[in-house]
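Numbering (full-length UniProt numbering), first residue to last: 1 to 366.
Just so it is clear, CB atoms sit at the ideal spot from N, CA and C, and this is done for glycine as well.
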């Protein structure tokens, strides 16, 4: 249930190791798993304390390095591609232009925002339950034990652990994990969106958007020779799905805190640590095997910009929305370009069109 068996097993192992060492040294003293190793403690405060320590350590050792790595790569790609003007898309339809670098900067900023949320939520994992013993009253724990052991754990780990101000809360609820995992889910959903954008922009290579290319990591098909699949994107999005599922597990597990003890601790911490591990591994793999190798198809991007009807948006301030829409519809229905449609309708001169409709200037409006 609440991790009692795990804690008792650890107590027995520690006692056994200690007794072996004492016997080797010729010492007749014997360590008891309950009277000595479990002194001043209960599984009910020891296990949640271990949960908090494991969660914080996992964030720092498994997630943050991978997150920083991917963010750094995307920031570099953003800088490298800041001059490449491409067509924007909203509702999966053509929109006004932006640069590829601007688009990627949004991805990097999403990772930065998620990291800030996770680190903010991490602070809620620092308070420890140890010292609350069985139901939060601290029965059988000496005065000062809770504060002293929290201080020692902080010293040993290097993280800012403290004694929980209310041990009844610390034993019966794990809302800190619900909150922290919510931030992990935000990261997972941002990662899903980034990976999805990349595989859509890379779809093709000849019958899709194909505005960027992605690395070929393995044969893409057992039947279609030469096919390249966005496997890293697919792996990352599947991890995001798993993290989303773990959110439901953690929320329900946290809700099952009947009276003085939440007994769903093992499944809760297992789901949390799995999310951290999967995100760390997937983000690292995605960074190395996909993001690092992203390259633009400048020719195709430029062609798509010139073919876009939404460049007409730049004319709207001069000729009005209705006339600009008429130009776009005429060009679309007749299969011609915007400039020809605008000149045929007589709404602007060639010189005016060339002066106003400049995609490179539309990405940095004055």
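Where DSSP assigns a beta bridge to residue i, which residues make up the other side?
i, result
"residue 330", "In DSSP, residue 330 forms no bridge with anything."
"residue 267", "According to DSSP, residue 267 bridges with nothing at all."
"residue 33", "None, per the DSSP bridge assignment."
"residue 103", "None; residue 103 has no bridge partner."
"residue 213", "295"
"residue 128", "163"
"residue 94", "89"
On the criterion of 16 or more Cβ atoms from any shown chain inside 10 Å, does residue i qualify as buried, or is it exposed?
i, result
"residue 286", "buried"
"residue 321", "exposed"
"residue 275", "buried"
"residue 92", "exposed"
"residue 17", "exposed"
"residue 232", "buried"
"residue 223", "exposed"
"residue 243", "buried"
"residue 46", "buried"
"residue 24", "exposed"
"residue 328", "buried"
"residue 28", "exposed"
"residue 81", "buried"
"residue 259", "exposed"
"residue 48", "buried"
"residue 349", "exposed"
"residue 132", "buried"
"residue 79", "exposed"
"residue 77", "buried"
Would you give the residue range spanned by the alpha helix (DSSP H) that residue i belongs to?
i, result
"residue 148", "145-157"
"residue 88", "Looking at the DSSP string, residue 88 is not in any alpha helix (DSSP H); the run it does join, the beta strand (DSSP E), is 85-90."
"residue 237", "231-255"
"residue 53", "43-58"
"residue 223", "Here residue 223 belongs to no alpha helix (DSSP H), and DSSP marks it neither H nor E."
"residue 258", "Per DSSP, residue 258 belongs to no alpha helix (DSSP H) and is neither H nor E."
"residue 317", "316-319"
"residue 13", "4-24"
"residue 78", "64-80"
"residue 310", "That residue, residue 310, is in no alpha helix (DSSP H); it is neither H nor E in DSSP."
"residue 181", "175-201"
"residue 339", "338-345"
"residue 360", "359-362"
"residue 350", "350-356"
Less than 8 Å between the CB atoms is what I'm expecting for residue i and residue j, so what's the real figure, rounded?
i, j, result
"residue 122", "residue 59", "6 Å"
"residue 150", "residue 130", "7 Å"
"residue 96", "residue 86", "Going by Cβ atoms, the distance from residue 96 to residue 86 rounds to 11 Å, so no, they are not a contact pair."
"residue 215", "residue 293", "4 Å"
"residue 213", "residue 120", "Contact flag wrong, Cβ pair sits at about 37 Å."
"residue 40", "residue 145", "5 Å"
"residue 297", "residue 211", "6 Å"
"residue 402", "residue 161", "Missing from the structure shown is residue 402; the chain here goes from 1 to 366 and no further."
"residue 71", "residue 108", "6 Å"
"residue 345", "residue 326", "6 Å"
"residue 173", "residue 262", "6 Å"
"residue 323", "residue 341", "Not confirmed; about 11 Å, so no contact."
"residue 273", "residue 54", "6 Å"
"residue 105", "residue 265", "With a Cβ gap of about 41 Å, residue 105 and residue 265 do not count as contacting."
"residue 217", "residue 284", "The pair is not a contact, with the Cβ atoms about 14 Å apart (cut-off 8 Å)."
In its own chain, which residues sit with a C-beta less than 8 Å from the C-beta of residue i, not counting the 5 before and 5 after it?
i, result
"residue 271", "181, 246, 249, 250 and 253"
"residue 358", "314"
"residue 84", "99, 100, 101, 296, 298 and 301"
"residue 110", "190, 193 and 194"
Check whether the Cβ of residue i lies closer than 8 Å to any Cβ atom in chain D.
i, result
"residue 189", "Here chain D cannot be found, since the structure has a single protein chain."
Can you list, in chain order, the residues of its chain whose CB lies under 6 Å from that of residue i, leaving out five sequence neighbours each side?
i, result
"residue 339", "353"
"residue 191", "236 and 240"
"residue 33", "11, 12 and 15"
"residue 269", "51"
"residue 73", "287, 291 and 292"
"residue 229", "220"
"residue 187", "114"
For residue i, which residues of its own chain have a beta-carbon under 7 Å away from its beta-carbon, when the five flanking residues on both sides are left out?
i, result
"residue 280", "62, 63 and 66"
"residue 164", "127, 128, 129 and 170"
"residue 227", "220 and 221"
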